[in-house]
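Its first residue numbered 0, the sequence shown is counted upward by one per residue in the numbering used here. Glycine residues also receive a C-beta, built at the ideal position from the N, C-alpha and C atoms. In this text the structure is predicted, and so the values were computed from the model without any measurement. First up is the structure itself, then whatever we jot down about it.
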Amino acid sequence: MNYLLQQLLNALQLGSIYALIALGYTMVYGILTMINFAHGDLFMIGAFLCFLAGVTLGLPFVPTLLLSMAGAAMLGAVIERLAYKPLRNAPRVSPIITALGVGLFLENFTLALNPYPKHIAPLLPTHIWTVGGVSVSSLQAIIIVLSIFLMVLLDLYVNRTMTGMAMRAISWDRANAALMGLPVDGIISATFAIGAGLGGAAGVMYGLAYPVIDPYMGIMVGWKAFISAVVGGIGSIHGAMLGGFLLGAVEVLVAAYFPSTFRDFVSFSLLLVLLVGRPYGILGKPRPQKV
């Protein structure tokens, strides 16, 4: 029983990271009905910014986290303006191809700067508590609590602020929102920035929990977060959270009780099964397509 509880705690940690990244996918899809396949590489950039700020510059954890989030957010907004905004009226395949190209650019740009994996030294003191036979590290607690805090903050922002209401209005009908005087371009850029900032925060947490990072780390983690968003219901903030925690639990429990090589197979099988049975996800709703 203690072993199961320990694995569930590990699943909560991994699921928190997946959920934060999945929120970026779901926010962009919710407002533009577009999949930003470069989002996993923004998570990677967040991890490398953590290395730059925390290891190279020697900054403590909080400034490192804030700088990584801010850097990823600014990069996300710049990418939206330069790569995606000119394609809003293009065929739907064009932004997808562009997103893949942006991801390859970020990976190879980072690789060109330094091709070697980086090790992120601990930025926080490590304490381990044993509760009922289950070991809880201070890093696990911080990752889980901070992730949930950021998710709650995002939920309040989207549902309780004027900017959040503008986001929801644009996601429902962009043309009418523009006619009502809403700054559509600014809101879309803000959406990309917020999603990228959350991805940057996830990169910091991942880099501290699994401290070896490399330019290609965002590929598989990005796909896992995308699966989380689809499983939960892409376009649904609560769905992205649920999908992240669900996929984290599936991966950790499969690796705990079966050969670890089964983990990715089960994750992608979950996506296929859901797409067949409920293509709009657990909490998602079918969206009418305009013709």
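Taking one beta carbon from each stretch, the region 205-218 and the region 113-131 have 3 or more pairs nearer than 8 Å; the two touch. Around the beta carbon of residue 214, a 10 Å sphere encloses 16 or more other beta carbons of the protein chains shown; the residue is thus reported as buried. For residue 183, the enclosing alpha helix (DSSP H) has its first and last residue at 183-208. If you look at residue 95, you'll find it in the alpha helix (DSSP H) that goes 92-112.
Taking all protein chains in view, the Cβ of residue 13 is crowded by 16 or more other Cβ atoms within 10 Å, so the residue is classified as buried.
Residue 47 counts as buried, since no fewer than 16 other beta carbons sit within 10 angstroms of its beta carbon. Beyond the five residues adjoining it in sequence on each side, residue 110 comes within less than 7 Å, by CB distance, of 214 in the same chain, given in chain order. DSSP places residue 151 inside the alpha helix (DSSP H), whose first and last residues are 137-159. In summary, residue 40 is buried, with 16 or more beta-carbon neighbours lying within 10 Å of its beta-carbon over all protein chains present.
Bounds of the alpha helix (DSSP H) holding residue 236 are 236-256.
Only residues of its own chain outside the window of five on either side were considered, and among them 122 and 123 have a CB closer than 6 Å to the CB of residue 60, listed in chain order. Considering only 254, 203, 276 and 284, the residue with the shortest C-alpha distance to residue 238 is 284.
One thing to note: residue 280 has its Cβ within 8 Å of the Cβ of residue 230.
The continuous alpha helix (DSSP H) containing residue 20 extends over residues 1-31.
Rounded to the nearest angstrom, the gap between the Cα atoms of residue 96 and residue 147 is 33 Å.
Under the DSSP assignment, residue 119 falls outside any beta strand (DSSP E); it carries neither an H nor an E label. Look at the region 27-85 and you find these whole runs of alpha helix (DSSP H), each 4 residues long or longer: 38-49 and 60-78. The beta carbon of residue 179 lies closer than 8 Å to those of 168 in the same chain, with the five residues before and after it left out. Taking a contact as a CB-CB distance under 8 Å, the pair residue 20 and residue 221 counts as one, their CB atoms being some 7 Å apart. In this structure residue 226 is in contact with residue 266, their Cβ atoms being roughly 6 Å apart against a cut-off of 8 Å.
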